[in-house]
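Below is one structure; the comments refer to it alone.
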Amino acid sequence: MRLIEAEGKELLARHGIAVPRGVMLPEGELPAGAEAWDGMVLKAQILEGGRGRRGLVRRVGPGDVAAARTAMRSILGPALEGAGFLLEEAVAPVREMFLALRVDGTSQGIELLFSAAGGVAVEEGDAPIRLVLDPGGLRLAEQVHAALKVVLPPALSARVAREAVRLLRVMEVEDLTLLEINPLAELAGGRLVALDAKMVRDDAAAGRHDAAATRASNALETASLSPLERRAQSAGFTLVEMPGDVALVSAGAGLGMFLTDLLADHGLSAASFMDNARGGPAETTEARLEAAFDLAERPGIKAILFYATLASRPVGERIETLLSFLARRPAPRPLYVGFAAAPSASRGFDAAAAGDRLRAAGVAMLHDDPLTLVRAIAADFGQGGN
Amino acid sequence: MLPFLSSRPRRVVVFNPTGRYAARQVAEMQAAGTPVVAGIALGRGGETLDGLPLLDSLADLDAPADAAVLYTPPEGTLGAVRQCAAAGIATIVAAAEYVPVHDALRAARAAREAGSWLLGPNTLGLCVPGEGEGGLLLGSVSPAFCAPGRVAMLGRSGTLTLATSRLMTRAGIGQRAVIHMGGDTVIGRNPHEWLAALADDPGTAAVLYCGEIGGDKEYALAEAIAAFSKPVVATIVGRHAPADRQMGHAGALIGAERESAASKLAALREGGARVAPTPYAAIDILKEILVP
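Here the protein sequences line up with chains Y and P, keeping their order. Numbering-wise, our numbering puts 371 at position 330 of the first sequence, and it's gapless, one number per residue. Numbering-wise, our numbering puts -7 at position 5 of the second sequence, and it's gapless, one number per residue.
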């Protein structure tokens, strides 16, 4: 889950990382004490980057906060009407830097990226310094310092190195896969302050953390889903809607992408991708069919493809689910079905009889080879391909 | 050399074998001839599961195990991997999906430091097809989808590994081993390490790599191909996946062009692999390569 800046900064502050004073702006009023600040910055709280360029980060005075917020609301539009606003004390950096930490699966460590020129300059400047850190390693700060002192004065390099190690520990404790501070500001006097924060929390570790602390981020993530995707999330599986003409029901990420590719190679395109979701029930076939049939009722959808590979789960159960579903809700478009079932999944199962019943229930084609099924759909709908 | 290829495991333990799914996999492994000697199930010590002795702890084993299959839930996977690594178990299969990534980093490190080969997290395990008692199943890669042969298959996705092994077998191409390395961002060993470990395996004539979008593991693999003397065939699924959408697996997301199927396939081709747009096309290439 991506975190909005305000919730990310609250997280940093809980770990003793310096951030500017700020509050989520209540409707229609300025927070107490804010008028004494040296200056103010109003920042729309959305998950996407590039806010500055879009006019969603602005210096404001006490008298023009409301107008700035109204202007930002109009930029955000109705899709982001749930977004909040962070009002922060403006600070005056003497230097802006870029510091990011990310989980690097290939090196099996934490990759640090650093640029001595942060803020918007990071995109136009030299490539950042990259360094892979072993979180269990000794002398991490020394390792970072050795890399940064090439581009920073030694005293500042040492301070940034120590800050980087603190942030790495925050990353571990908070189960973050990405922690980016841009800009990381050096103030007069040498203090380091995180002026912005971009974070991604590992969904697999969500249960370890207080959901209330990331409520706004979660609401924005959910709002970014289509109604059908949200329904799938509630039912315990993942659905990605795509502009396509074949409603695809599958299980397993790789198999789903394989089928998506095969459809595209034959002049068709998948309108959906499905996979299991963390914490979902073991069996979601019926909910997946419901979603696919809803999709299939839309104009432009030509067919439904249902395919599953079963190594040990009984294929009979899956077919009975499909048959009972079809008895309740006939397929709105031609339905192509495939199962690749190992003998252990088919034990005691009469495949020929099941095939007859599926055909009687209106299944256009039953075959265990994905390519044969896709070719049949392409042939039935006049598409070419490989 | 991979431990389970250089010496067939003789004593396999299964952690948390009593759940519905796990019990079914234990039965499959036993039916495939895998020598499962005990299940580790805290609180069930002294009981049996369809004849399999259950122990409270790995420490209760009367002799060391040489392979472990973990059906431990995600939150316990790190601890179970650490136990197995500390016990010197050479091959560890961590099945659980949704293991927190920082746990996976620690688990991978613990296994590596102990010299163990960790598959997963988020893996169906592996199958070494063999005649009669010669085969090995550690996990859920159905032996019925496999056949003995000379191609080592390395997969990132479980369902695609199953589907592709089945298609290979149907096409008459047998496998030295079918290995589901794991679908997560952090897995015990990366593809380039698996490739290097297959270099000295006399039973491997070629490698089929089935990858997917997201991450950058294929770039390290591409660099490793030059030092590998046997043919490598590679395919990447997700050529038509939308950018910036997570396609199931944690990490299966095109966040940058480098993570797309096209870029990965180009890098693998540049590195010396024969690349194919689909598993079907990859199998056609393998047929050419394996002509006697």
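Note that beta-carbon positions come from the ideal geometry of N, C-alpha and C, so glycine has one too.
From the listed residues P/176, P/140 and P/146, the smallest Cα separation to residue 196 of chain P is found for P/140. As a beta-bridge residue in DSSP terms, residue 155 of chain Y pairs with Y/140 and Y/170. Boundaries for residue 22 of chain P: no alpha helix (DSSP H) harbours it, and the DSSP string shows neither H nor E there. Under the 10 Å beta carbon count, residue 97 of chain P is surrounded by 16 or more other beta carbons and is classified as buried.
Residue 348 of chain Y: member of the beta strand (DSSP E) spanning 344 to 351, first to last residue. Around the beta carbon of residue 413 of chain Y, fewer than 16 other beta carbons sit within 10 angstroms, so the residue counts as exposed. Only buried fits residue 95 of chain P, as 16 or more other CB atoms lie within 10 angstroms of its CB.
In terms of Cβ geometry, residue 107 of chain P and residue 33 of chain P do not form a close pair [threshold 8 Å].
In the three-state reduction of the DSSP assignment, residue 363 of chain Y falls in the helix class, which pools H, G and I.
Taking C-alpha positions only, residue 102 of chain P is separated from residue 227 of chain P by approximately 38 Å. Across the stretch 350 to 365 of chain Y, CB contacts with chain P closer than 7 Å involve 350, 352 and 353, in sequence order along the chain. At a cut-off of 8 Å between beta-carbon atoms, residue 181 of chain Y makes no contact with chain P. Shown here for residue 278 of chain Y: same chain residues with a beta carbon closer than 8 Å to its own, the five before and five after excluded, namely 315, 316, 317, 318, 321, 325, 328 and 329 in chain order. Residues 164 of the same chain have their beta carbon placed closer than 6 Å to that of residue 191 of chain P, with the five preceding and five following residues left out of the count. Boundaries of the beta strand (DSSP E) harbouring residue 316 of chain Y: 313 to 317, taken from the DSSP string. Between residue 13 of chain P and residue 353 of chain Y, the C-beta spacing is below 8 Å. By the CB criterion at 8 Å, residue 80 of chain P and residue 114 of chain P fall outside the cutoff.
Counting along the chain, the unbroken alpha helix (DSSP H) around residue 72 of chain P starts and ends at 62 to 74.
As DSSP reads the structure, residue 224 of chain P sits in a beta bridge with P/199. For residue 218 of chain P, the three-state secondary structure derived from DSSP is coil. Counting along the chain, the unbroken beta strand (DSSP E) around residue 3 of chain P starts and ends at 0 to 3.
Contact check between the stretch 351 to 371 of chain Y and the stretch 396 to 416 of chain Y: three or more CB pairs, one atom from each, fall below 8 Å, which counts as touching.
Here residue 83 of chain Y is bridged, per DSSP, to Y/99 and Y/128.
Taking 7 Å as the upper bound on Cβ-Cβ separation, chain Y lies near residues 227, 228, 229, 230, 233, 235, 236, 237, 238, 239 and 240 of the stretch 227 to 247 of chain P. At the C-beta level, residue 221 of chain Y and residue 141 of chain Y come within 8 Å of one another.
Taking the Cα of residue 116 of chain Y as reference, the smallest distance to any Cα among Y/155, Y/170 and Y/86 is reached at Y/86.
Taking C-beta atoms as the reference points, residue 186 of chain P and residue 169 of chain P fail to come closer than 8 Å. Taking C-beta separations shorter than 8 Å and ignoring five residues to either side along the sequence, the partners of residue -2 of chain P in its chain run 23 and 54, following chain order.
Ranked by Cα distance from residue 290 of chain Y, the first of Y/255, Y/206, Y/313 and Y/76 is Y/313. Residue pairing for residue 226 of chain Y: DSSP places it in a beta bridge opposite Y/137 and Y/234. Counting only Cβ-Cβ distances below 8 Å, residue 211 of chain P has no contacts in chain Y at all, with the closest Cβ about 11 Å away. Three or more beta-carbon pairs separated by less than 8 Å link the stretch 56 to 74 of chain Y to the stretch 202 to 213 of chain Y, which places the two stretches in contact.
Going by DSSP, residue -3 of chain P is part of no beta strand (DSSP E) at all; its letter is neither H nor E. Within the stretch 156 to 194 of chain P, the complete beta strand (DSSP E) segments at least 3 residues long are 163 to 168, listed from N- to C-terminus. Residue 254 of chain P is outside the set of residues whose beta carbon lies under 8 Å from a beta carbon in chain Y. Interface annotation for the stretch 185 to 214 of chain Y against chain P: 213, criterion Cβ-Cβ distance under 7 Å.
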